[in-house]
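First the structure, in the form of structure tokens, and then the observations on it.
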Amino acid sequence: MMDRPPDAAEPGNFGILDGISEVIATTASESGIPNAAPIGIIRNGDALWMRLFPGSHTRQNVITTGKIAANIIHDPVLYVECTFEDLDSDAFEYPDSMSLPVLKSTNAWLLFFCQQSEGNLFKLTPVRGMIYDKPVLCINRGFNAVVESLVHATRYRLNGDRRYLDLIEHYDRIVQICGGPREKEAMMKLKEIIEI
Ligand SMILES: Cc1cc2nc3c(=O)[nH]c(=O)nc-3n(C[C@H](O)[C@H](O)[C@H](O)COP(=O)(O)O)c2cc1C
Numbered sequence: 006m007m008d009r010p011p012d013a014a015e016p017g018n019f020g021i022l023d024g025i026s027e028v029i030a031t032t033a034s035e036s037g038i039p040n041a042a043p044i045g046i047i048r049n050g051d052a053l054w055m056r057l058f059p060g061s062h063t064r065q066n067v068i069t070t071g072k073i074a075a076n077i078i079h080d081p082v083l084y085v086e087c088t089f090e091d092l093d094s095d096a097f098e099y100p101d102s103m104s105l106p107v108l109k110s111t112n113a114w115l116l117f118f119c120q121q122s123e124g125n126l127f128k129l130t131p132v133r134g135m136i137y138d139k140p141v142l143c144i145n146r147g148f149n150a151v152v153e154s155l156v157h158a159t160r161y162r163l164n165g166d167r168r169y170l171d172l173i174e175h176y177d178r179i180v181q182i183c184g185g186p187r188e189k190e191a192m193m194k195l196k197e198i199i200e201i
């Protein structure tokens, strides 16, 4: 367990580098209901953004509260659950009595002020964060394949285009070869949810 000063709000310290970093974003509704969903953080130098598409709790909560936390976490099952289901409230905690929830099992979190800029683009300003644990992880193609499958599964659920199912089956083969038990469990769950 490694604590960092709470003012360590440099996104690079949290592994948020140029390009798009996938995190589990946590937010709260106006009445305080916590929510979690995978979201990409877009970074270009010092500029940080999210593209939040209409219809999600995440977007609605951000418009209402102006805040979002990036949870840096590597559990593929949690990624599947957050994409398609609402997590139980006991999956969340409120560090230092913050009004914004983070995931109890996260390795690190970084809180942002988040303001709608134009259309679906929201500007992020890092406020403060905490690193609990810095796992030394090799790249696991199985984990990455779960994330790719999830992206295709969300698109499939939106438009029913069966080409996404072929892509998911392609990634499933990688999960079966390269993934560990959590990746295989995540994939099984994903396939159950989208009924393939
Ligand atoms: C890896 C991954 C990345 C995603 N990135 C985004 C994103 O950047 N913006 C967005 O609006 N939705 C994104 N999504 C889709 C949302 O996570 C999904 O719509 C989710 O169901 C929203 O949940 P909510 O309604 O609880 O907020 C992503 C999904 C996955 C699997």
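Under the working numbering, the sequence shown has 160 at position 155, and the numbering climbs by one with no breaks.
The beta-carbon is built from N, C-alpha and C at its ideal position, and this holds for glycine as well.
query, result
"Do the stretch 127-141 and the stretch 99-116 touch if we need at least three Cβ pairs shorter than 8 Å?", "yes"
"With DSSP collapsed to three states, give me the class of K72.", "strand"
"Under DSSP, the beta strand (DSSP E) around S26 begins and ends at which residues?", "G24 to A33"
"So, do the stretch 162-170 and the stretch 38-54 have three or more beta carbon pairs nearer to each other than 8 Å?", "no"
"What three-state label does DSSP hand N52 in the structure shown?", "One point to set straight first is that residue 52 is Ala, not Asn, in the sequence displayed. Strand, per DSSP."
"Using the three-state DSSP reduction, which class does H62 fall into: helix, strand or coil?", "helix"
"Could you check whether the stretch 118-129 touches the stretch 94-110, counting it as contact only if at least three pairs of C-beta atoms, one from each stretch, sit closer than 8 Å?", "no"
"Using only CA atoms, which one of N76, S102 and H62 lies nearest to D91?", "H62"
"In terms of residues, what are the limits of the beta strand (DSSP E) holding S123?", "For the record, residue 123 in the displayed sequence is Glu; it is not Ser. Where E123 is concerned, the enclosing beta strand (DSSP E) stretches over A113 to E123."
"Could you compute how far the alpha carbon of T130 sits from the alpha carbon of I46?", "12 Å"
"Looking at the secondary structure, which residues open and close the alpha helix (DSSP H) in which K194 lies?", "P186 to I198"
"Say whether the stretch 144-154 touches the stretch 55-74, bearing in mind that this needs 3 or more beta-carbon pairs closer than 8 Å, one atom from each stretch.", "no"
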